[in-house]
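First comes the structure, then the notes that go with it.
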Amino acid sequence: MSRKNIYPKGCSVKHCDTTSLHLIKEMCQKHYTRMHRNGTIKTERHMHGLTNTPEYRVWSAMVQRCTNHKNKWYSYYGGRGIKVYKPWLIFDNFISDMGKRPLHGTIDRIDNNGNYEPGNCSWVTQKAQSNNTRRNHVLSHMGRRMTIAQWANDLGLKYSTLYGRINKNWPLDKALRKEYYHGTKVV
Ligand SMILES: [Zn+2]
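All letters in the sequence shown, in the order written, are residues -7 to 179 by the numbering used here.
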């Protein structure tokens, strides 16, 4: 009876001839380190073209502010528990899900308290972002003026829930009530 082979036979990277004993995640140490550091197994030389792309810069900044404690924005992202969807720690996965960036586009999260993950991220142009209702839109109700995010927080509603209601033009007195779910009063 053969013992289960706990180490992969070799590095899964095509054309890798390394036979390092330190195989992690089906990659040799060299490729794993590169993947971990740069989000790609491309060599520094090959990365040169890649790192100059806007997508790469956006991706890199996103990973940094969520994972690097020393990043100056960390407290607003990683420090608040905002994570990057694991497969997206690899640049190639990120770009295949997100596609190419539109001119002057930035990555935007639909739920500002949500993670960087598929379904919660889209490319938006800065102009669209600054005009975006959810950033600037102040809702006045019962003598209180707050942004959608503040209202959601105050009501204990999910931001995306409240945002969806506002987008669907629900009347404010209905939108700003926790007990309404999917348009049906449950309490
Ligand atoms: Zn390798």
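Glycine residues also receive a C-beta, built at the ideal position from the N, C-alpha and C atoms.
Say yes only if the C-beta of residue 166 is nearer than 8 Å to one or more non-hydrogen atoms of ligand 1, and no if none qualify. no
Do you know offhand how far residue 139's Cα is from residue 132's? 9 Å
Assumed close pair residue 57, residue 70 - CB separation to whole angstroms, cut-off 8 Å: 7 Å
Below 8 Å, can you find three or more Cβ-Cβ pairs linking the segment 73 to 93 to the segment 107 to 115? yes
Nearest neighbour of residue 106, chosen from 150, 6, 85 and 55 [CA to CA]: 150
Would you tell me roughly how many angstroms separate the C-alpha atoms of residue 77 and residue 34, rounded to the nearest one? 21 Å
Could you tell me which residues DSSP puts in a beta bridge with residue 132? 137
Is residue 113 near ligand 1, judged by its Cβ being under 8 Å from some heavy atom? no
When the Cα atoms are used, what is the spatial distance from residue 195 to residue 19? There is no way to answer for residue 195, as the model of the chain reaches only from -7 to 179.
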